[in-house]
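Colleague: Let me begin by handing over the structure; questions about it come next.
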Amino acid sequence: MNAVGVHQRRECVFDSEQCRLRMVGAREVGPWAVEHFGAQVDIEPGARLALDIDPSFEHGVLLDQGHLETVGAVLDIADLAFQPTGCDTLFLHNRGDGPARAIVLGGPQFGEELVMWWNFVGRSHDDIANYRRLWQARDARFGDVDGYRGAVERLPAPPLPNATLRPRPIPKGNP
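Here the working numbering is used: the first residue of the sequence shown is -18, the next is one more, and so on.
Shown next as structure tokens:
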């Protein structure tokens, strides 16, 4: 099993015969600094990888290609696995016959309850509804995706559900 510390440097590439990890660390977002990281992990068939992670961070693993087992779950393409705070290792196992590719995201838990829906994060259902309205109106705050080539010029936001969006509660014992 290969092991690599993903919180030791701001940017790194880790290569072995069985996996490749490309990681980007914290960056400034608007007027505030956000401590987080993102990594693309490419894992050969049958390979296992143990990532040394910051136990104060939450982590997510999004499978893009192949077959992957992590956080006690077998992921299908586009599945997102969640690793709560308190863990210092994230295990990845490519169970398939071909290469697997995943995105691993990590960062501190939000200190307040937030509503997350589609590509929007807010404090309430009304925030999300307003962000959706602004997105549909092509508000400049969202920018453009250079090089996007799709069936439509700009991906429209889906309709809001016929219910009030509620925040995800902060687990007890965490900030």
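Here a beta-carbon is modelled for each residue, glycine too, at the ideal position from N, C-alpha and C.
Please read these numbers as outputs of a predicted model, since none were measured by experiment.
#1: Can at least three beta-carbon pairs, one atom from the region 40 to 57 and one from the region 65 to 74, be found at a separation below 8 Å?
#2: In three-state DSSP terms, what is HIS106?
#3: Could you check the C-alpha separation between GLY27 and ALA132 for me, to the nearest Å?
#4: Report yes or no: do the region 84 to 93 and the region 16 to 31 share at least 3 C-beta pairs separated by less than 8 Å?
#5: Taking 6 Å as the limit between beta carbons, can you name the residues of its chain near PHE101, skipping five residues before and five after?
#6: Report yes or no: do three or more beta-carbon pairs, one from the region 47 to 58 and one from the region 71 to 85, lie closer than 8 Å?
#7: Got a sec? Which residues, its chain only, sit under 8 Å from GLN117 by beta carbon, not counting five neighbours each side?
#8: Do ARG104 and LEU115 have their CB atoms nearer than 8 Å?
#9: Can you tell me whether GLN90 is helix, strand or coil according to DSSP?
#10: Quick check on DSSP: helix, strand or coil for LEU115?
#11: Give a yes or no on whether the C-beta atoms belonging to PRO150 and VAL96 are separated by under 8 Å.
#12: Given a threshold of 16 other Cβ atoms within 10 Å of its Cβ, counted over all protein chains shown, does ASN75 qualify as buried or as exposed?
#13: Would you kindly check if the distance between the Cβ of LEU56 and the Cβ of LEU71 is under 8 Å?
#14: If you run the structure through DSSP and keep just helix, strand and coil, what is PRO142?
#15: For ASP23, count neighbouring C-beta atoms within 10 Å of its own C-beta (all shown protein chains included) and say buried if the count is 16 or more, exposed if not.
#16: Between PRO142 and GLU94, what straight-line distance do the alpha-carbon atoms span, to the nearest angstrom?
#17: Tell me the residue span of the beta strand (DSSP E) that contains GLY19.
#18: Looking at ASP60 and ILE34, is the spacing between their C-beta atoms short of 8 Å?
Modeller: With the given structure in hand:
#1: yes
#2: DSSP places HIS106 in helix when its eight states are reduced to three.
#3: 36 Å
#4: In short, these stretches touch, since the Cβ pair count reaches three.
#5: Contacts found: ILE109 and TYR112.
#6: yes
#7: PRO137 and ALA138
#8: no
#9: coil
#10: helix
#11: no
#12: buried
#13: It is not a contact, given that the beta carbons lie outside the stated cut-off.
#14: coil
#15: Result: buried.
#16: 20 Å
#17: 18 to 24
#18: no
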